[in-house]
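Everything below concerns the one structure shown next.
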Amino acid sequence: MRHRVVISGLGALSPFGVGMDALWNGLKASRSALKFSGKLGAVVGEVVDFPSERWSRGEQREMSRGSQIALLAAEECLRDAKLEDDAENTGVNIGMGIADLEMIEETAGLIREGKAKRVTPYFVPRILTNMPAGYVSMKYGFKGGNMSSTTACATGASCVGDAATMVSLGRVRRMVAGAVESCVNPIAVTGFNRLRALARGLTEDVCRPFDKTREGFVLSEGGAVVLLERLEDALVRGSPIYAEVVGYGRVSSDAYHLTSPDESGIGGQLCMTRCLEDSKIDAGEVSYVNAHATSTPMGDRIEARSIASVCPSVATSSIKGHIGHCLAGAGSIEIAATALMVREGRLIGNLNLGDSDVTEDVRLLRTNEEWNATGRRVALVNSFGFGGANVSVSLAQM
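Per this note's numbering, the very first residue in the sequence shown carries number 162; after that it's consecutive.
Structure below.
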């Protein structure tokens with residue numbers, strides 16, 4: 162028997178700041194959280210007012226900023242969900258895509274200089290991408306499983322989808338799930354620039370999903386954590402219910418190229434179709450798609466082709482114009498934001514969208530609008546990653 166799974170808690174850090182309120186208020190106000198960094202020579206998105214003072218100097222040496230983001234997001238999520246106990250039946254799946262690059266650079270420098278004995282004993286734990294999950298499970302004593310799904314920029318959605326599947330199958334009662342990323346630094350900027358993936362403009366409106374002048378994504382940091390649990394448990398606890406997770410499509414790969422999607426859009430098409438099959442929902446019931454759309458010339462166009470082939474004329478937007486691309490953390494932030502859209506009945510439009518070169522049959526949202534669905538509100542959230550990883554998660558109104 163499969164259990165119905167709901168999202169009953171949200172926590173997030175984004176370039177708008179710490180907390181879901183900061184994210185949601187920024188999205189509703191159609192603001193950009195992106196800023197030019199003189200140090201990096203690029204427009205980026207960094208978490209403002211990050212409370213690093215929450216940790217002692219020793220603790221900060223021990224854990225990466227990504228792990229700190231995970232702990233803060235989990236704290237807000239669990240407080241929001243009013244979850245106080247039952248650690249034995251609660252698991253964790255929190256991912257991170259890129260290791261602590263600056264720690265690796267610093268350590269390599271010490272070794273080259275013959276100062277290996279000065280390398281911190283925390284070097285290896287700090288660069289392991291499953292440590293955000295480890296820190297959260299250790300802080301709260303969660304013994305229901307400790308996982309860290311990693312699928313590049315699809316990591317956040319993979320973690321939520323994998324965790325929801327665990328709960329649905331009855332393997333664990335609830336899961337704390339999501340992903341984080343914190344690599345806004347010269348190494349990452351250089352690497353993505355060498356891929357010609359980053360936007361070259363120097364103004365805060367340079368991230369323009371679906372706009373004909375788009376030229377690349379904006380590198381950002383952040384992450385989100387959601388609490389997934391069985392519907393019956395959420396009702397008994399009286400926790401807030403934002404949306405039901407009704408489907409998950411992680412069985413799709415482009416099998417095509419390291420960094421580029423298949424021009425046909427088959428990868429995105431398959432993951433959305435399989436997500437709908439899993440949810441037993443007809444494509445006509447979907448009234449909104451939260452697109453992966455990172456503002457790259459090829460990626461946005463191919464994703465629009467995929468969406469149109471599955472859900473023609475559907476309302477579509479990406480929130481990356483507001484907050485940039487948080488890489489591994491993007492999918493979980495977008496699931497959290499879409500869950501709020503589902504509950505509040507309000508759609509967030511594409512920021513910085515003027516003229517579009519997208520000719521496929523999708524309705525690109527240019528402004529925020531009321532979500533006037535026929536029947537219950539149903540959304541697809543897309544996340545695609547390097548290596549051909551494609552993920553769709555479907556959320557529905559309770």
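For each residue, glycine too, the CB sits at the ideal point set by N, CA and C. The structure displayed is predicted, hence computed values, not measured ones.
Relative to the C-alpha of residue i, which residue among the options is closest?
{"i": "GLU365", "options": "SER400, PRO176, THR434, ALA324", "result": "PRO176"}
{"i": "ALA109", "options": "MET459, LEU232, SER298", "result": "Outside the shown range of the chain, which is 162 to 559, sits residue 109, and nothing can be said about it."}
{"i": "LEU262", "options": "THR290, GLY445, LEU239", "result": "THR290"}
{"i": "GLY103", "options": "SER414, ALA454, TRP532, CYS238", "result": "Because residue 103 is not part of the residues shown, which for the chain are 162 to 559, the question remains open."}
{"i": "THR251", "options": "SER191, ILE265, HIS418, ALA325", "result": "ALA325"}
{"i": "GLY377", "options": "LEU388, ALA358, ALA395", "result": "ALA358"}
{"i": "ASN543", "options": "THR420, THR457, ARG411", "result": "ARG411"}
{"i": "LEU514", "options": "ALA277, THR268, GLY536, ALA454", "result": "ALA454"}
{"i": "GLY548", "options": "ARG226, ALA416, GLY426, SER456", "result": "ALA416"}
{"i": "ALA269", "options": "ILE259, THR281, GLY258", "result": "THR281"}
{"i": "ASP246", "options": "ARG273, LYS373, GLY362, TYR301", "result": "TYR301"}
{"i": "LEU419", "options": "VAL285, MET502, THR312", "result": "THR312"}
{"i": "GLY426", "options": "ASP394, ALA395, GLY460", "result": "GLY460"}
{"i": "LEU363", "options": "LEU541, VAL379, ALA349, ALA395", "result": "VAL379"}
{"i": "ALA469", "options": "MET502, ALA534, LEU541, PRO401", "result": "LEU541"}
Between which residues of its own chain and residue i is the CB-CB distance below 7 Å, once the five residues before and five after are set aside?
{"i": "SER310", "result": "ASN254, GLY256, THR316, SER319, CYS320, ASP323"}
{"i": "ARG398", "result": "LYS243"}
{"i": "SER329", "result": "ARG163, HIS164, VAL166"}
{"i": "ALA444", "result": "LEU437, VAL471, CYS472"}
{"i": "TRP216", "result": "GLN229"}
{"i": "TYR283", "result": "ARG222, GLU223"}
{"i": "ALA235", "result": "GLY172, VAL297, VAL337, VAL386"}
{"i": "ILE442", "result": "VAL407, GLY408, VAL539, SER555"}
{"i": "LEU526", "result": "ALA476, THR477, SER478, LEU508, GLY510, ASN511"}
{"i": "ASN529", "result": "LYS189, SER191, ARG507, LEU508, ILE509, GLY510"}
{"i": "PRO347", "result": "LEU201"}
{"i": "GLY187", "result": "PHE177, ALA194, HIS483"}
{"i": "ILE480", "result": "LEU188, GLU495, ALA498, ILE509"}
{"i": "VAL560", "result": "The structure shown has nothing for residue 560, since the chain only spans 162 to 559."}
{"i": "ARG218", "result": "none"}
{"i": "GLU266", "result": "ILE348"}
I'd like to know whether the C-beta atoms of residue i and residue j end up nearer to each other than 9 Å.
{"i": "ALA340", "j": "VAL204", "result": "no"}
{"i": "GLU390", "j": "ARG355", "result": "no"}
{"i": "PHE303", "j": "PRO422", "result": "no"}
{"i": "SER493", "j": "ASN451", "result": "no"}
{"i": "GLY482", "j": "CYS314", "result": "no"}
{"i": "ALA465", "j": "PHE353", "result": "no"}
{"i": "LEU392", "j": "PRO293", "result": "no"}
{"i": "SER448", "j": "ASP522", "result": "no"}
{"i": "GLU495", "j": "ILE463", "result": "no"}
{"i": "ALA498", "j": "LEU195", "result": "no"}
{"i": "SER414", "j": "ALA550", "result": "yes"}
{"i": "MET264", "j": "ARG279", "result": "no"}
{"i": "GLY275", "j": "GLY485", "result": "no"}
{"i": "LEU488", "j": "CYS344", "result": "yes"}
{"i": "GLY429", "j": "SER467", "result": "yes"}
{"i": "GLU446", "j": "MET559", "result": "no"}
{"i": "THR457", "j": "ARG537", "result": "no"}
{"i": "CYS432", "j": "VAL519", "result": "no"}
{"i": "MET327", "j": "GLY295", "result": "no"}
Report all residues from its chain with a CB closer than 6 Å to the CB of residue i; omit the five preceding and five following residues, and keep chain order.
{"i": "VAL403", "result": "Just to set this straight, residue 403 is Tyr in the shown sequence, not Val. Hits under 6 Å: ILE168, ALA500, ARG504."}
{"i": "GLY490", "result": "GLY317, ALA340, VAL341, GLU342, GLY383, GLY384"}
{"i": "ASP241", "result": "GLY170, LEU171"}
{"i": "GLY506", "result": "TRP532"}
{"i": "ARG226", "result": "SER343"}
{"i": "ARG524", "result": "SER474, ALA476"}
{"i": "ILE259", "result": "CYS344"}
{"i": "ASP182", "result": "none"}
{"i": "THR351", "result": "none"}
Leaving out the 5 sequence neighbours to the left and right, which residues in its chain are closer than 8 Å to residue i when beta-carbon positions are compared?
{"i": "GLY180", "result": "GLY172, ALA173, LEU174, GLU237"}
{"i": "ASP394", "result": "ARG334, ARG335"}
{"i": "ILE373", "result": "Just to set this straight, residue 373 is Lys in the shown sequence, not Ile. GLY515, ASP516, SER517, ASP518."}
{"i": "ALA349", "result": "ILE259, LEU262, LEU380"}
{"i": "ARG332", "result": "GLY306"}
For residue i, decide whether its Cβ has a neighbour in chain B, counting only Cβ atoms nearer than 9 Å.
{"i": "THR520", "result": "The structure shown contains no chain B; it holds only a single protein chain."}
| Which parts of the segment 447-495 are runs of the beta strand (DSSP E), unbroken and 3 residues or longer, counting only runs that do not cross its ends? | 449-451, 476-478
| task | Inspect the CB distances between the segment 211-228 and the segment 181-199 and report whether three or more fall short of 8 Å. | result | no
| At what residue ranges does the segment 297-374 contain a whole run of the alpha helix (DSSP H), taking only runs of 4 or more? | 316-329, 347-355
| query | Which parts of the segment 371-430 are runs of the alpha helix (DSSP H), unbroken and 4 residues or longer, counting only runs that do not cross its ends? | reply | 392-398
| said: Quick check on the DSSP output: what are the complete beta strand (DSSP E) runs of length 3 or more inside the segment 226-269, in order along the chain? | reply: 251-257
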